[in-house]
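Mind the numbering: the sequence shown is residues 2 to 177 in this note's numbering, read in order.
Think of the CB as a built atom: it goes at the ideal place given N, C-alpha and C, for glycine as much as any other residue.
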Amino acid sequence: MPGPVFLTGDRVELRTVEREDREFIARHRNNPAFRRVLGDARPMNLSAATDYFESVVVGDDGETFLICADDRAVGLCFFYDLDETNGSAEVGYWITPEAQGNGYATDAARTLARYAFDERRLVKLTARVREPNEASIRVLEKLGFREEGVLREQEFVDGRRVDLRLFGLLASELER
């Protein structure tokens with residue numbers, strides 16, 4: 002059962018990530034399609050999911066939420082590398098393959114951005130997208146993110162070098 006609702010969007014609820022969600026995280030992080038877009042070739046067993054839970058979810062370097070639609074988990078969204086001095090953080094999100102195409106990522110990312118800007122008082126959010134993740138780029142563009150650069154052949158994913166595209170969004174630019 003997902004944790005309590007923390008934020009509500011138009012289509013999704015962002016809930017706290019609980020210890021019981023480790024299996025959901027590990028199962029989907031091991032999906033070959035996810036590994037390609039996340040750029041992580043390492044397997045994630047329950048022990049690794051526990052380590053992830055302890056370092057990212059419990060840590061104070063950002064916020065992580067379970068994305069839920071109709072009371073079922075459909076993904077994760079988060080901001081990390083939180084720099085409270087300069088008011089910035091990096092955002093990320095993923096949606097399970099069976100739940101993609103329903104606008105959940107856009108709604109979750111928009112809800113997270115509103116929270117970051119309105120309640121956490123951040124002034125800038127950034128995002129990195131590995132080529133060729135066009136769906137993630139569309140999500141960012143719908144919110145008003147602008148491309149700020151490309152790190153050419155930055156990462157090795159699925160047997161080849163890929164570009165890493167950098168995006169930024171100022172609080173005043175968010176498409177609410």
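query                                                                                                                                                                          : result
Output the distance between the C-alpha atoms of Arg73 and Arg16, rounded to the nearest integer angstrom.                                                                     : 11 Å
Does the segment 24-35 come into contact with the segment 99-112, if we say contact requires no fewer than three beta-carbon pairs (one atom in each stretch) closer than 8 Å? : no
Could you tell me if Gly76 is buried or exposed, where buried requires 16 or more neighbouring beta carbons within 10 angstroms of its beta carbon?                            : buried
Under three-state DSSP, which class holds Arg16?                                                                                                                               : strand
In this structure, how does DSSP classify Asp71 when only helix, strand and coil are distinguished?                                                                            : coil
From which residue to which residue does the alpha helix (DSSP H) around Arg30 run?                                                                                            : 23-30
Looking at the structure shown, is Leu144 part of a helix, part of a strand, or coil, going by DSSP?                                                                           : helix
How far does the alpha helix (DSSP H) with Tyr105 in it reach, from first residue to last?                                                                                     : 105-115
List in chain order: all unbroken beta strand (DSSP E) runs of 3+ residues lying wholly within the segment 114-140.                                                            : 125-131
What do you reckon, are the CB atoms on Arg166 and Val151 nearer than 7 Å?                                                                                                     : yes
Closest to Leu175 by C-alpha separation, out of Gln155, Leu126, Glu156, would be which residue?                                                                                : Leu126
Between which two residues does the beta strand (DSSP E) holding Gly93 run?                                                                                                    : 89-96
Let me confirm a value: Pro3 is counted as buried when at least 16 other C-beta atoms fall within 10 Å, else exposed. Which label applies?                                     : buried
Between the Cα of Asp119 and those of Val13, Val6, Ser173, Asp52, spot the shortest distance and give me the residue it belongs to.                                            : Ser173
According to DSSP, is Glu149 part of a helix, a strand, or is it coil?                                                                                                         : strand
Where DSSP assigns a beta bridge to Gly169, which residues make up the other side?                                                                                             : Thr127, Arg147
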